[in-house]
Structure formats: C-alpha cells, structure tokens
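Visitor: Here it is, the structure in full.
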Amino acid sequence: MANQDRPNPYFRNLNAKVAATPMILTTMIVFVGCSLWTVIYSFSASRALPVNEFVGFAQYERLFNTSRWNKSVENIAFYGIFSLVFSLVVGFVLAAFMDQKIRFENTFRTIYLYPFALSFIVTGVVWQWILNPTLGLQEAVRSLGWESFTFDLIADRDTVIYALLIAGIWQGTGFVMALMLAGLRAVDDEIWKAARVDGIPKWKTYIFVVIPMMRGVFITTLVIIASGIVRLYDLVVAMTAGGPGIASEVPAKYVYDFMFARANVGQALAASTVMLTTVLIILIPWIYLEYGKKKKG
Amino acid sequence: MTTMEAIGPRPKRILDPTRIMIYSVLIVAALYYLLPLYVMIMTSLKGMPEIRLGNIFSPPVEVTFEPWIKAWDTACTGLYCEGLKVGFWNSVQILIPSVIISIAIASVNGYALSFWRFRGAEVFFTILIFGSFIPYQVMLYPLVIITRELGIFGSLAGVIFIHTIFGMPILTLLFRNYFASLPQELFKAARVDGAGFWGVFLKIMVPMSPPIFVVAIILQVTGIWNDFLFGVIFAGTKNFPMTVQLNNIVNTTQGVKEYNVNMAATILTGGVPLLIYFLSGKYFVRGIAAGAVKG
Amino acid sequence: MKSIEIKDLSLNFGDLKVLENLNLDITDGEFLVLLGASGCGKSTLLNCIAGLLDISDGQIFIKGNNVTWKEPKDRGIGMVFQSYALYPQMSVEGNLSFGLKNAGVPRAEIAERVARAAAVLQIEPLLKRKPSQLSGGQRQRVAIGRALVREVDVFLFDEPLSNLDAKLRAELRVEIKRLHQRLSNTMIYVTHDQIEALTLADRIAIMRDGKVQQLDTPHVIYNHPVNKYVAGFIGSPGMNFMQGKLNGGDKPRFATGQLNVDLTRYNFENGHALDGSDAWLGVRPEHVSVGQEATQKAFSHEVAVEVVEPMGSDTLVWTTLADQEFRFRMDGQKSVEVGETLNIGFDPVSASVFDIQTENRL
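Each protein sequence line maps, in turn, to chains A, B and C. In this text, residue positions in the first sequence follow this note's numbering: the first is 1, and each later residue adds one. In this text, residue positions in the second sequence follow this note's numbering: the first is 298, and each later residue adds one. In this text, residue positions in the third sequence follow this note's numbering: the first is 593, and each later residue adds one.
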C-alpha cells in the first residue's frame, strides 16, 4: 500500500551523524581511549618506550617513593587550596563591589580581567622579573631607603610556592570575578527590593540570601578552577623551572619530564593516572549533583 | 535646632563612607593588576645600565627601543639568534588553520546536537564535556603515538590536529547552547520550506550567528596563541610557537640576562591576545562565561 | 472528499504516550480547530501532520496520498507558527521565496506567486523590509504569506495569534476567516483560545491527554458537550457544576441539598434517567435568568448576592445555591448590590447532566 521506502533507521539523520563523526571519534578515541591506554600502561614496566610487560603497582610504589613526586603533590595541594580559597573569596568580593552601581565599572572590569587573556608563560616571565631578588621589587623598595626590606620569595626553597601563588592569582582572579559578577547579575532584582523593604542590611542579604542562591555558580567555578590547577604546568616552567632545587615542582611537570626528557614512560603514565584520579575525585560528586538535580527536576 | 521638613529629592551625601571604602578597595586591586603591565613596559624601554641601578618602578630616563628590535630580530632562543619573529610567524601559521578547522567542525556539531538529535548524541556530548576536565597529561603519550602513526608528529599539521581536538568540547558547548537558544519554530519553518541539513545550517543558522562566531574566534585565538604544552610537544623544533620561544629566550642559561629584551619579548608575545581582549571586551567575557555554562 | 485522514495515529516518547490511537477525518475545504489546554497534544498532532515529528504508529493521508514517511516539504502543506519563525536575515520577499527556491521553482513564477500572495495579504509595501522592521501583526501576515506562496491544499496554523495583543488578535482572526472563505483551502488551526475556536471553526476537536474528546461543530460542542471536561472547557465564564442525585422515575428530578430540579424536559442521551445515580448538573451562567423572567422558568430560586464582577456589557454575580458555588450573568446596566436577594431561574433543556464517575453526558 505504501508506495515509498521505509527510511532505514541507521541512515535517518545521516547528515547529522556524518557531521558529528569528529565529535564521536574525539570522544571515543581521545577522551575515553587515550585515557584508558594511559591507565593500562601505567601498570607496565615501560621505560623509553611502552612495553607489554605488566608489573602491577610497581610504578606507583616507585612514584610515591620519589621525593620529587612527593614534593610535587605537596606543592600542588598547597597551591591548590590557597589559590582556590583566595580567588573565590577575592573574586566574589570584587564582584560584589562591582555590583554596587559603581562608576567606571567597565574600566575596572577590563583591568581585572586582562591578565586572563595572557598566557601562563607571559605571566610567569613577568612575575619572575618583578620578584627578581637582585633587581626587582626588593631592590626598588630598598632604594627608597628601607634597607632591610626582604622580598625574595622566588629564591627561597620555603617560599617559592608563594611566588607562584602571587602570579597565579594575578592571572586567574579576574576570571572568577567575571563569573561571580555574571552570577550576581542573574539574581532577581526583586530579591533586593524585598530585602530592602524588610530592612535587611546588604551584607546580610549577601551572606544569607544571595550566596546560597549562587551555589551553582560557586560549584561550577570551583570545578573549573580546580581542574585547571591540577594541570598547572606552564607557569612553573616559565617562572621557576621547578626550582630552587625541586622546591616548586608540580605533578604535570613531573609527567612531562619523565615522558619526554628522561625517557621513563612508565613513571610518567603512573603519575598522570594519579592526576586523572584526582580530577575524578573532584568531578564525580559534581556530575552526581548535576544529574541528581536533573532527575528530580 | 530646626528640623527640616522632608520635601523634594532626598539630599545626597557626597562622601558616603561605604562608597569610599568600595572605591578604595577597587582602586587598590586595580593597581595590583596594572603593576606588572607597567613594569613590563618601563623595563622594555630602558637600557641595561639603567636597569642595573635597581628600581623597576622608575620610568626610563632615556627611552630606547633597542630592546624591542633585539627581541623581535636577533634575540637568541637556544642555538638560533633570529629573535621572536620566527615564533610569531609560527604561531600565525598554527593559529589560522586551527581556528578555522576547529570552529567549522564545532559549529556543525553544535547545530546537529541542537536540531537533529539522534540516539546517543547526548551521551557522546556529555563524555566530551566531562572529558575536557581530564588533565592533558593523561592523554599526551597516546596522542604522540597516534600523531606519529598518522605521520604528523612534530609538524604544523600535528599541532593543528591537537588544537582542533582540545578545542572541541568548549566550542561544541558554545555552539550547542547558542543554537538551542534559537527558536525551534524557525528550524521547523525552514524544513517545511524544503531546506535540508546543510540548507538550514548555511542559509538560516549561520547568517543568524555572527556574534557566536566572534565569541568562538576570540576564545580560540587567545587559547591557541597562549598554548605552550601542545606547541612544545607536537609542533616540532622548527615550528615552535611564540610562547615556547619566549620561554627559551627568557630562561636560556647562556649569556648575560637582558631583562629589557625579555620584557619587550613578553609584551610582543602577550600583545596579540591583549589586543584582541581590549578590542572585543564584552565578547571576551561572553566567551569565558560560556565555559561556566553547564551543558 | 477527504482532505486529511489520520488513522490510528500514536506517538510515544519512551514510555510516555503523547498521542494514542487517534483517528481524524477532515474534509476538503474544512476549517478544523484543535483546541485544548497546554500539554494536551494538539501542537504535537499538528507537528505529526506536518512531518516535523516522526510518529510511532498509524498512518497519515493528505489528499489521498500516504505521507506517513514523507518529508515536510513533500506533503503539500504550508505552516504558520506562533513565533512567526521568519528568517531574520532575509527580507520579506526572501522569506516568501525561500521555500520556492528550494523547490527549484522558476524565477518568473516565484516573482508572480510572491506578488499574488503579497496582494492578498496587503503586504506589498513591506516586501523589501527585514522582519525586525515589522510590527507583530505585519510579521504574522508575512508568515501566512509564506504558507500562501506554496500554493498547497492544506494550511497548518500553530497558535498563530497567541503572541499578539488582544485587539490585533481580534483583527487578524477575522482576516484569517476571510482568507479561508476566499481560498477555501483545508485549514487546521491549533489554539488554546476558545473564542478563536468558536469563531473560526467549521468543526472543533477538543483534545485532552492525547485523545480527542469531542469533534463537532461549535454549536453542538457548546450546547451538547459530551463530557464534563468539554463542558467546563468551553464557555467563559465556565459552566456551574452542582453535585446531586437523579431520582423520580418517569418524572426525573435532580436533587441537591434541599433543591429539586425538574428534568422532565431534559433530553437524556439514552432516553431516560438512571434512577438513584449520582450526577453533576451543569448550568451555563449565561443561561440563567434573573428577576421576573426567572419565575417563568422550570426551575427558580431565591439567592443572596455575594460577589459582583461588573464586566461592562454584563455583570457576573457569585452566589451559593444548595451550598455550592454558583455564578450567573445579568445585564450590565442593572445595578446589583452585595447582600441583595435575587430571584434566579433556568431551563433544564439548556442544562447538561453528567455521570459522576465517568463524567460522560447522560
């Protein structure tokens, strides 16, 4: 009766499927395939080249017995916590101030955000120069007459991590501020009117009403910057090259060095698997929250 | 004392202490953000003897553009002393095809995901978005093997390929969300009018989307220009992008450190994304905000 | 002759049944309105007819052709959308000719058809403009024009007037009616606005939960709703419903509280009343008489005025009848005060009785 061909379900939307092929291949081969490959070969005895000889957790044992790796983990944890807390707090405060119908808002925003347009290499090089112990900020203050002033963070093993923090926060806080400002602007104006009529002070409205309403923005920002911190690499390379000694080494640099400079692929793969695990620990609760919400909604 | 009867506009206090506090904080923060830019420019315009006097904040007594010329033309990156210009042109060569290819693929992708949903599409998209949070280091070695097998490791094609892959999550998200915000009825009307997959895309959707293409271009230009890791691994020594060369100039262990040349080189390297940032303003903000919008 | 025939059409989204075993025959030149609350499946059905949604089961015929698996462009339909869906970057002319260009119609013919449609809709001066330079009413005219140039037999309207303000809506409503009288195409028109449905339709299909509740002329639907849902949906202000019992044998009565309504003259669907069963009695507010007139009706009673809503031409009065909320309409010129006592009455012939369980008309 039907004088037409029933469309074959595999060829329905054929154009869309062809168009999505790069995405499907990227997803399956790169994000899923390559990650799995790395995890699997992190259990191998690979040295200069990957080999199929599997040795269980031997690479991980060696990894966690390497002082450079342990220092890297310690550094990234310290750097991560400090820069997370600092950039969230400062970013939010700046955004809240920017939201007070101030003049020159665009100018301020342009100033706060421009470092984010710069690469970590540029950021690292500039701050390396400013923090230069012989000719930088320290010397400039001393030449003003304060002879005992010391600010040689970058040259000291114990403080070099603060130098990285100063640069990292300079580069990234504007981004947090921009996200927070967008979040604040999305808060319904009537909330503010209601709070004003009810006589609630502004700071209280922020803490008890607005911040809880912005939970989603906070969590998203947190996940984005946290997963950015885990891959911190360029900044260290440009600013301290991991030094003095191994005082400012980070995991991503460990992976790179063992993979390409030291020809110890097994170690690099084990280290990157640990990085992956860290990101999953950050991501999974977030995914769970996102999807839990959707199901209920 | 007579109390004034309230009439007319409420009198304004000119020096409200809260406002003063707010502006002070904003200005102090702005100075912290501007300081490195100031130092960069000042240092790049000084001669080395003046720098050795040790005040990085003082403006140059004698302005010289010598460091800029040297940074561009003759600064040494390891063995070669051909300046940053090599890196600049390498970056341009990497940038242009990467931006075009990644945006072309992602825009069609986002369009297919918004209007031509097929079974499983959302699953791949979700993996793609969450995949973008995986540290690059995890995928580096297998990608080296893949590009080597494809014969493009250590070449322009190799690094362009990698940029296309890692640009895909954010760009697809950007385009998908944009196209999803367009009225579905427009798509339906075009289908009743007989336009197919490519007809709807090229004749209806693309002409409606210049703003989002601008956002995508800004996102990709700054992202790719600022890349270091992929350039150093996949581009090959001959094709090192500007960031890699800058790092080589600054952190080379040979010779005397020429801070003025270093700073001139830094400004040159940061110049392209900064220019884009200052010119595009709100589009840049929209681009980074897109990263925070959930899929 | 049948213009559109829908046979056993079903549509599921996963486990969700959006349309269920739907059958619909539409004759040539008919103006059919699909009416229902949002989410009833009326727009979904229209999208299925247009081929914009793939159905799960059943068949669709347009002009005798099985179009079940055909692309929208090959079905011989034109469609007008709620948001107008004009292509923003194209001029009015470009909007009108886009479909014809895609179909490979020769240029001269495109120009001719566009000119003809523009003349019909009086949009000739607008042809070079962009949609953003048009008013809402003009945009909707262009959207109709886009369907017109296709020179098809069937027009589909998806809530075309919902985005317009009340005055413009009334104007364009008449214009669509004129257009139909002039072109005599088959038109299927989706709306949630009962005034649009009653004024435009040859027949109305009232839908609920993916099923057609009643398919008939506006007159029949208004006077003989098949169930309580349809009765409540059509008419504004809505019908009064009183809960009670049927009894009285050969002389059927509806008893609620202390009241008895004589239903001897009411036409029961199966000829007689079911003695002793629970039922709803539905009375339209506009079928209630007040004062002297009321005493001549088969049922009359004295009530106290509780709330008065003047609406200009008439006034809506809220009261209580047998402990149940009751509204009636009276002449807007007569003054009425809260607390006042009025005599009201109605004729059971114009009332409706529904079963309390099935809610079907008795």
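Beta carbons are placed, not taken as given, at the ideal position from N, Cα and C, and that holds for glycine. From a predicted model like this one, the values you see are computed outputs, not experimental measurements.
Alpha helix (DSSP H) containing Ala368 (chain B): first to last residue?
Guide: Position 71 of the second sequence, counting from 1, holds the residue named residue 368 (chain B). Element bounds for Ala368 (chain B): Glu363 to Asp370.
Visitor: On the three-state DSSP scale, how would you describe Pro432 (chain B)?
Guide: Looking up residue 432 (chain B) in the second sequence gives position 135. The answer is coil: DSSP assigns Pro432 (chain B) none of H, G, I, E or B.
Visitor: At least one CB of chain A closer than 7 Å to the CB of Ile462 (chain B): is that the case?
Guide: The count along the second sequence starts at 1 and reaches residue 462 (chain B) at position 165. Yes - at least one Cβ of chain A is within 7 Å of the one on Ile462 (chain B).
Visitor: I want to verify the contact list: residues of chain B whose CB lies under 9 Å from the CB of Pro22 (chain A), in sequence order.
Guide: Counted from its first residue, the first sequence places residue 22 (chain A) at position 22. Simply Ile402, Ala403, Val405, Asn406, Thr461, Ile462 and Met465.
Visitor: Is there at least one Cβ from chain C nearer than 7 Å to Leu453 (chain B)'s Cβ?
Guide: Within the second sequence, residue 453 (chain B) is the residue found at index 156, counting from 1. Chain C, which has no Cβ nearer than 7 Å to the Cβ of Leu453 (chain B), makes this no.
Visitor: Does DSSP put Asp607 (chain C) in a helix, in a strand, or in coil?
Guide: Against the third sequence, residue 607 (chain C) aligns to sequence position 15. In the structure shown, Asp607 (chain C) sits in coil (DSSP, three-state: anything other than H, G, I, E or B).
Visitor: Quick check: the Cα distance between Leu614 (chain C) and Leu626 (chain C), rounded to an integer number of angstroms?
Guide: Residue mapping note: residue 614 (chain C) aligns to position 22 of the third sequence, counting from 1. Residue mapping note: residue 626 (chain C) aligns to position 34 of the third sequence, counting from 1. Roughly 13 Å separates the two Cα atoms.
Visitor: Along the chain, where does the alpha helix (DSSP H) that runs through Asp854 (chain C) open and close?
Guide: Here the question's residue 854 (chain C) lines up with position 262 in the third sequence. Element bounds for Asp854 (chain C): not the alpha helix (DSSP H) but the beta strand (DSSP E), Leu851 to Asp854.
Visitor: If we ignore side chains and look at the alpha-carbon of each, how far apart do Trp69 (chain A) and Gly168 (chain A) end up?
Guide: What you label residue 69 (chain A) is simply residue 69 of the first sequence in a count that begins at 1. What you label residue 168 (chain A) is simply residue 168 of the first sequence in a count that begins at 1. Each residue's alpha carbon lies about 21 Å from the other.
Visitor: Looking only at its own chain, which residues have a Cβ that is under 8 Å from the Cβ of Leu184 (chain A), when we skip the five neighbours before and after it?
Guide: Residue mapping note: residue 184 (chain A) aligns to position 184 of the first sequence, counting from 1. Once the five neighbours on either side are set aside, the close Cβ partners of Leu184 (chain A) are Ala95, Ala96, Asp99, Val210 and Met214.
Visitor: When the Cα atoms are used, what is the spatial distance from Ala261 (chain A) to Cys373 (chain B)?
Guide: Locating residue 261 (chain A) in the first sequence gives position 261, where the first residue counts as 1. Locating residue 373 (chain B) in the second sequence gives position 76, where the first residue counts as 1. Approximately 22 Å between the Cα atoms of the pair.
Visitor: Quick one: which chain A residues come within Cβ less than 7 Å of Gln481 (chain B)?
Guide: Along the second sequence, read from residue 1 onward, the residue named residue 481 (chain B) stands at position 184. Within chain A, no residue comes near Gln481 (chain B); the closest Cβ sits about 15 Å away, beyond 7 Å.
Visitor: Using a Cβ-Cβ cut-off of 7 Å, state whether Ile431 (chain B) counts as contacting chain A.
Guide: Walking along the second sequence from the start, residue 431 (chain B) turns up at place 134. So, interface residue.
Visitor: Sorted by chain position, which residues of the same chain lie with C-beta nearer than 7 Å to Arg845 (chain C)'s C-beta, five sequence neighbours on each side aside?
Guide: As a working note, residue 845 (chain C) is residue 253 in the third sequence. If we look at Arg845 (chain C) and ignore the five residues flanking it on each side, its Cβ neighbours are Asn839, Asn852, Val853, Asp854 and Leu855.
Visitor: Strictly below 7 Å CB to CB, what residues from chain C border Gln339 (chain B)?
Guide: Working through the second sequence from its first residue, we reach residue 339 (chain B) at position 42. In the sequence as displayed, the identity of residue 339 (chain B) is Met instead of Gln. Result: empty, since nearest Cβ-Cβ is about 49 Å, beyond 7 Å.
Visitor: Return the chain-ordered list of same chain residues with a C-beta closer than 6 Å to the C-beta of Arg667 (chain C), the five sequence neighbours on each side being excluded.
Guide: Indexing the third sequence from 1 puts residue 667 (chain C) at position 75. Only Gly643, Ile654 and Val659 meet the Cβ criterion.
Visitor: Going along chain B in order, which residues have a C-beta closer than 7 Å to the C-beta of Glu53 (chain A)?
Guide: If you number the first sequence from 1, residue 53 (chain A) lands on position 53. Within chain B, no residue comes near Glu53 (chain A); the closest Cβ sits about 17 Å away, beyond 7 Å.
Visitor: Just tell me which of C:Arg921, C:Glu743, C:Asp867 and C:Met671 has its CA closest to the CA of Asp750 (chain C).
Guide: Translated into positions along the third sequence, residue 750 (chain C) becomes position 158. Ranking C:Arg921, C:Glu743, C:Asp867 and C:Met671 by Cα distance to Asp750 (chain C) puts C:Met671 first.
Visitor: For chain B, is any of its Cβ atoms less than 7 Å away from the one on Ile81 (chain A)?
Guide: Within the first sequence, residue 81 (chain A) is the residue found at index 81, counting from 1. Not closer than 7 Å to any Cβ of chain B, the Cβ of Ile81 (chain A) fails to qualify, so no.
Visitor: Straight-line CA distance for Ala2 (chain A) to Ile598 (chain C)?
Guide: Start at 1 with the first residue of the first sequence, and residue 2 (chain A) comes out as number 2. Start at 1 with the first residue of the third sequence, and residue 598 (chain C) comes out as number 6. Note on Ala2 (chain A): pLDDT 43, under 50, position unreliable in the model; the coordinate value appears next. Distance between the alpha carbons of Ala2 (chain A) and Ile598 (chain C): 15 Å.
Visitor: Using 7 Å as the threshold, is the C-beta distance between Tyr233 (chain A) and Ala252 (chain A) below it?
Guide: In the first sequence, counting from the first residue as 1, residue 233 (chain A) sits at position 233. In the first sequence, counting from the first residue as 1, residue 252 (chain A) sits at position 252. It is a contact, given that the beta carbons lie within the stated cut-off.
Visitor: Looking at the unbroken beta strand (DSSP E) that takes in Ile246 (chain A), where does it start and where does it end?
Guide: Walking along the first sequence from the start, residue 246 (chain A) turns up at place 246. Careful: Ile246 (chain A) lies outside any beta strand (DSSP E) and carries neither H nor E.
Visitor: Name the chain C residues whose beta carbon is nearer than 8 Å to that of Arg583 (chain B)?
Guide: For the purposes of this step, residue 583 (chain B) is taken as the residue at position 286 of the second sequence. Those within 8 Å of Arg583 (chain B) in chain C number zero; the least Cβ separation is about 20 Å.
Visitor: Taking C-beta to C-beta, are Gly380 (chain B) and Trp369 (chain B) nearer than 7 Å?
Guide: Walking along the second sequence from the start, residue 380 (chain B) turns up at place 83. Walking along the second sequence from the start, residue 369 (chain B) turns up at place 72. Against a cut-off of 7 Å, the Cβ pair of Trp369 (chain B) and Gly380 (chain B) comes out as a contact.
Visitor: Would you say Leu603 (chain C) reaches chain B, if we count a Cβ-Cβ gap shorter than 7 Å as a contact?
Guide: Counting from 1 along the third sequence, the entry for residue 603 (chain C) is found at position 11. Output row for Leu603 (chain C): interface = no.
Visitor: Identify the residues that DSSP records as bridge partners of Trp910 (chain C): which are they?
Guide: Along the third sequence, one-based indexing puts residue 910 (chain C) at 318. DSSP, once it has assigned bridges, lists C:Val899 and C:Arg919 as partnering Trp910 (chain C).
Visitor: Under 8 Å between beta-carbons, which chain A residues line up against Thr445 (chain B)? List them in chain order, please.
Guide: Indexing the second sequence from 1 puts residue 445 (chain B) at position 148. Residue identity check: residue 445 (chain B) is Arg in the sequence provided, not Thr. Result: empty, since nearest Cβ-Cβ is about 11 Å, beyond 8 Å.
Visitor: List the endpoints of the continuous alpha helix (DSSP H) containing Val547 (chain B).
Guide: Within the second sequence, residue 547 (chain B) is the residue found at index 250, counting from 1. Here the alpha helix (DSSP H) through Val547 (chain B) covers Met539 to Val547.
Visitor: Buried or exposed for His772 (chain C), please, with buried defined as at least 16 other CB atoms from any protein chain shown within 10 angstroms of its CB.
Guide: In the third sequence, residue 772 (chain C) corresponds to position 180, counting from 1. Flag for His772 (chain C) reads buried.
Visitor: With a threshold of 7 Å between beta carbons, is Met779 (chain C) in contact with chain B?
Guide: Sequence index remark: in the third sequence, residue 779 (chain C) carries index 187 (1-based). Taking Cβ atoms only, chain B never reaches closer than 7 Å to Met779 (chain C), which makes this a no.
Visitor: Since Thr848 (chain C) and Ala914 (chain C) are thought to touch, with beta carbons under 8 Å apart, how far apart are those beta carbons, to the nearest angstrom?
Guide: Here residue 848 (chain C) refers to the residue found at position 256 of the third sequence. Here residue 914 (chain C) refers to the residue found at position 322 of the third sequence. With a Cβ gap of about 4 Å, Thr848 (chain C) and Ala914 (chain C) count as contacting.
Visitor: Since Ala163 (chain A) and Met239 (chain A) are thought to touch, with beta carbons under 8 Å apart, how far apart are those beta carbons, to the nearest angstrom?
Guide: Here residue 163 (chain A) refers to the residue found at position 163 of the first sequence. Here residue 239 (chain A) refers to the residue found at position 239 of the first sequence. Yes, Ala163 (chain A) and Met239 (chain A) are in contact; Cβ-Cβ is about 7 Å, under 8 Å.
Visitor: Determine, using beta carbons only, whether Ile391 (chain B) and Val456 (chain B) come nearer to each other than 7 Å.
Guide: One-based indexing of the second sequence puts residue 391 (chain B) at position 94. One-based indexing of the second sequence puts residue 456 (chain B) at position 159. Yes, the pair counts as a contact, with Cβ atoms nearer than the cut-off.
Visitor: Where do the ends of the beta strand (DSSP E) carrying Gly670 (chain C) lie?
Guide: Sequence index remark: in the third sequence, residue 670 (chain C) carries index 78 (1-based). Note, Gly670 (chain C): beta strand (DSSP E), Ile669 to Val672.
Visitor: Report the residue from C:Asp939, C:Val804 and C:Gln835 whose alpha carbon sits nearest the alpha carbon of Gly633 (chain C).
Guide: Position 41 of the third sequence holds residue 633 (chain C). That would be C:Val804, whose Cα lies nearest to the Cα of Gly633 (chain C).
Visitor: In this structure, how does DSSP classify Ala532 (chain B) when only helix, strand and coil are distinguished?
Guide: As a first step, residue 532 (chain B) is located in the second sequence; it is residue number 235 there, counting from the start. In this structure, Ala532 (chain B) counts as coil in the three-state DSSP scheme.
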